[in-house]
Structure formats: structure tokens, C-alpha cells
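*Asks:* Using our numbering, you'd call the opening residue of the sequence shown number 187 and step up by one each time.
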Amino acid sequence: MGRGALVVGAVSALLAGVPLCLGSAASARSAAPPVIDRTFGCTPVALDAALRATDVNAVPVTALEPYDPFQKRSPGFIGVASGGRGADADLVSVRARGWQRFRSTYSPAGVYARAGRCVSSRHSVPLSASGLPGPAVRWAREVTCLGRGRVLVRVRAVLQSPASWQPQTDSVDGARSNVVQASIAVRSERTGKPLAYLELARDGGTKLWHARSCR
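Right, dumping it as C-alpha cells:
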């Protein structure tokens, strides 16, 4: 075989491999990351012309909240809500697995935010309990924080399998997947002060730190 034939053969082999390489790169780019990290500005329900109420919840695995006798045991949950009890009140929520938290609603595993009431924000919100008193609450607990204006909520969750952030219903956006671990930080947008910090551990345990003004 001559030198020219060898060169042509080598170029043909190289070109033959190009589509495969490009396809692999495109697949890697299109795969959703296993970590969801998003920050929102959320509008709590108004109590009067000035004050708004933000509820912060942590329910460790196997725990029950005292509000509903028909509730199934928690798979591990942390969340921020406003406006009463029910799935419609959730602003930002993380469930390690699917959960029948309310009698009429089964909620799938994943990370979710209320569309319309929570919008993407560029504010910097540290995922830290710094500035909040301890020790952390490790049992099922809900506290309510009163304040003016919106709250900033940052949620970071490690997913068991990749899932894209996208609309789930007309009123909820999110990523549907079992959650390995997660954290949520809540701050006042008006003052920048921390209101709460929550963690969901790999074993389903939870920790909640909150400002003394939240009860």
C-alpha cells in the first residue's frame, strides 16, 4: 500500500469517529445535573397592610406532624410555606421520597417552587446557619416568621438521578427525583437578615435553625 493510501485511510478513520465524539459531547451537555441549586424571591401571604407570614417546616423521616391524623409518615421533608395548611401553601419544598402529607394530595419526590409566588432571584443567599441561634431542632417542627415584603429562599438538593427544572403543573415548577440530601436558607429581602436554615440529611434526618423572632 502506498503512502497516499495510508494517509487517506487515516483521515477516513478520523472522520468516522467525529460524529460519535460530537454525539457524546452533546449527550453530556444535555444531561441534567444531579444537583439543583436555585434562589427565589417569594411573596408570603399578607396578614395586614404591612406584615406577611412565612412558615418554615422540617419533618424528619418516619415523623408525623400533629395537624392531620391521616398523614403518612414523613420520608424526610424540608420546606417554606405561607397561607395555611395544604399543598397550595407550599412556596419551596423538598421531599426525599413521595409523601401523602395531606389527605387529598399525594406529592412526588423532588424539589419544587410555587410558580408566580416565587420568582428567580440573583440575590446572594449563603447556605449557612450563621447568624441564627442554636442548637438546631432535630424533630418535626414548624415556625412562623413575620415580616415585611418578600423572603429570599435558596434551595440546594442532591438528586438520586438527573432531573431537569421545568413546569410540573400550572402552578408548580420543579425537578422530580428522589432527593439524597438538601438544604434551604431563608432571608428577609428587605433587611437581608437570616430567618431560617434547614438541612435534610442522607439518612432522612432534618435540622432547623431559626431566628428568635420566628415562633
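Every residue, glycine too, gets a C-beta built ideally from N, C-alpha and C.
With respect to the beta strand (DSSP E) encompassing residue 380, which residues constitute its N-terminal and C-terminal limits?
*Replies:* Unbroken beta strand (DSSP E) run through residue 380: 380-386.
*Asks:* Considering Cα atoms alone, identify which of 281, 338, 241, 246 is closest to residue 271.
*Replies:* Checked all of 281, 338, 241, 246; the closest Cα to residue 271 is 241.
*Asks:* Near residue 369, which residues of its chain fall below 6 Å by C-beta distance, leaving aside the five closest residues on each side in sequence?
*Replies:* Hits under 6 Å: 313, 342, 385.
*Asks:* Would you tell me roughly how many angstroms separate the C-alpha atoms of residue 367 and residue 383, rounded to the nearest one?
*Replies:* So the alpha carbons of these two residues sit roughly 14 Å apart.
*Asks:* For the region 298-308 and the region 264-282, state whether three or more C-beta atom pairs, one from each stretch, are separated by less than 8 Å.
*Replies:* Judged by Cβ distances under 8 Å, the region 298-308 makes contact with the region 264-282, as three or more pairs qualify.
*Asks:* Exposed or buried, residue 261, counting other C-beta atoms within 10 Å across all chains shown (16 or more means buried)?
*Replies:* Buried.
*Asks:* With a threshold of 7 Å on Cβ separation, who are the neighbours of residue 231 within its own chain once the five nearest residues in sequence on each side are excluded?
*Replies:* Closer than 7 Å at Cβ, skipping near neighbours: 238, 239, 268, 269.
*Asks:* Is it right to say residue 280 is buried, meaning 16 or more other beta carbons lie within 10 angstroms of its own, or is it exposed?
*Replies:* That one is buried.
*Asks:* Considering only C-alpha positions, which residue in the set 235, 392, 224 is nearest to residue 333?
*Replies:* That would be 235, whose Cα lies nearest to the Cα of residue 333.
*Asks:* Leaving aside the five residues before and after residue 210 along the sequence, list all residues of the same chain whose C-beta is less than 8 Å from its C-beta, in chain order.
*Replies:* Below a pLDDT of 50, predicted positions are generally treated as unreliable, and residue 210, at 48, falls in that range; the measurement from the model is reported next regardless. Answer for residue 210: no residue qualifies.
*Asks:* For the pair the region 248-261 and the region 280-290, tell me if three or more CB-CB distances fall below 8 Å.
*Replies:* The region 248-261 is in contact with the region 280-290.
*Asks:* Please state whether the Cβ-Cβ distance between residue 326 and residue 250 is less than 8 Å.
*Replies:* Against a cut-off of 8 Å, the Cβ pair of residue 250 and residue 326 comes out as a contact.
*Asks:* Using the C-alpha atoms, what's the distance from residue 389 back to residue 247?
*Replies:* Computed Cα separation, rounded: 8 Å.
*Asks:* DSSP puts residue 393 in a beta bridge; with which residues?
*Replies:* Residue 393 pairs with 385.
*Asks:* Can you check whether the CB of residue 394 is closer than 8 Å to the CB of residue 225?
*Replies:* No, the pair does not count as a contact, with Cβ atoms beyond the cut-off.
*Asks:* Taking the beta strand (DSSP E) that residue 367 belongs to, which residues open and close that run?
*Replies:* Unbroken beta strand (DSSP E) run through residue 367: 365-374.
*Asks:* Tell me which residues share the same chain as residue 353 and place their Cβ nearer than 8 Å to its Cβ, disregarding the 5 neighbours each side in the sequence.
*Replies:* So the qualifying residues of the chain are 301, 359.
*Asks:* So, with DSSP's three-state summary, where would you put residue 356?
*Replies:* Coil, per DSSP.
*Asks:* Could you have a look at residue 326 and say whether DSSP puts it in helix, strand or coil?
*Replies:* Looking at residue 326 - three-state DSSP - the assignment turns out to be coil, as it is neither helix nor strand.
*Asks:* For residue 240, report the span of its beta strand (DSSP E) as first-last.
*Replies:* 238-245 is the span of the beta strand (DSSP E), which, as asked, contains residue 240.
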